[in-house]
Every structure is written in C-alpha cells, then in structure tokens.
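For what it's worth, the numbering used here labels the leading residue of the sequence shown as 167, then goes sequentially.
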Amino acid sequence: MKNAKPICKDIVFILIALCIPGLLALQSLQGYRYVQLENQLKNLEKKQSDLIESNKQLISDIGLLSSSARIEKIAVEELGMHQASSEEIDRVQIKRLTDKKAGHTDAR
Numbered sequence: 167m168k169n170a171k172p173i174c175k176d177i178v179f180i181l182i183a184l185c186i187p188g189l190l191a192l193q194s195l196q197g198y199r200y201v202q203l204e205n206q207l208k209n210l211e212k213k214q215s216d217l218i219e220s221n222k223q224l225i226s227d228i229g230l231l232s233s234s235a236r237i238e239k240i241a242v243e244e245l246g247m248h249q250a251s252s253e254e255i256d257r258v259q260i261k262r263l264t265d266k267k268a269g270h271t272d273a274r
C-alpha cells in the first residue's frame, strides 16, 4: 500500500507534465485560427467598402441617366420626337360598369 501512493503521485505528475505541451499546442492552434479569422474579416470589410462605393457610383449614374433633360435630348436629337401640342393629344375615357349594370347580383 505504501508503494501505491508514490506511484499515483508519479502518474499524476507525468499526466500534468504531458498536459502542458498539449495545452501549448492548443494555444498555438487557437492563435493561428484567430489570425486566419482576423484576415478573413479584413478582406470582408474591404469587399463591403468596395461594394458600398460601387453602389454609390451606380446610384449616381442612375440619377444622371434618368434625368428629364437627358431623356428629352435623346428623344429630340436621336429619335426625332417633339413635345406634343394640345391638338395632337387624344383623350380617351373609359367608364366602368357597376355590378348591377353588368348583371351581377350580390349573393349575401
């Protein structure tokens, strides 16, 4: 029985001694993963910034391309269109039939 206590102490000491390098290896692995994630985050933030700038440019382009002055210039110069006078405008009015006039009855 007296020999069992020193053997248990030796086993515990050996296990602790073996755990220290294992924990250091885990710490190194975690550090490596952290650096990888940090680089990935920087890349995503750069991509987001680029997309925001691209979006701003596209919005600006939409504003320029849809301006009424530009559309009128293209209509007149390229398509040969002109502003319609009131004599050239035909107005069409469509009257809707109500349910009673159309022969429908309300089945409540």
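Positions of the beta carbon are idealized from the N, C-alpha and C atoms, including for glycine.
A quick note: this is a predicted structure, and the numbers were derived from the prediction, not measured.
When you compare the CB of residue i with every CB in chain D, is at least one pair closer than 7 Å?
i, result
"Thr264", "The question asks about chain D, but that chain is absent: this structure has only one protein chain."
Enumerate in chain order the residues of its own chain whose CB-to-CB distance from residue i is below 6 Å, with the five nearest sequence positions on each side excluded.
i, result
"Asn205", "none"
Quick one: residues in its chain with C-beta nearer than 8 Å to the C-beta of residue i, no 5 flanking neighbours on either side, listed in chain order?
i, result
"Arg274", "Unreliable placement is indicated for Arg274, whose pLDDT of 44 sits below 50; the coordinate value is still reported in the next sentence. So the list is empty, once near-sequence residues are dropped."
Residue ranges of each alpha helix (DSSP H) run of no fewer than 4 residues wholly in the region 190–256, ordered along the chain?
-> 234–243
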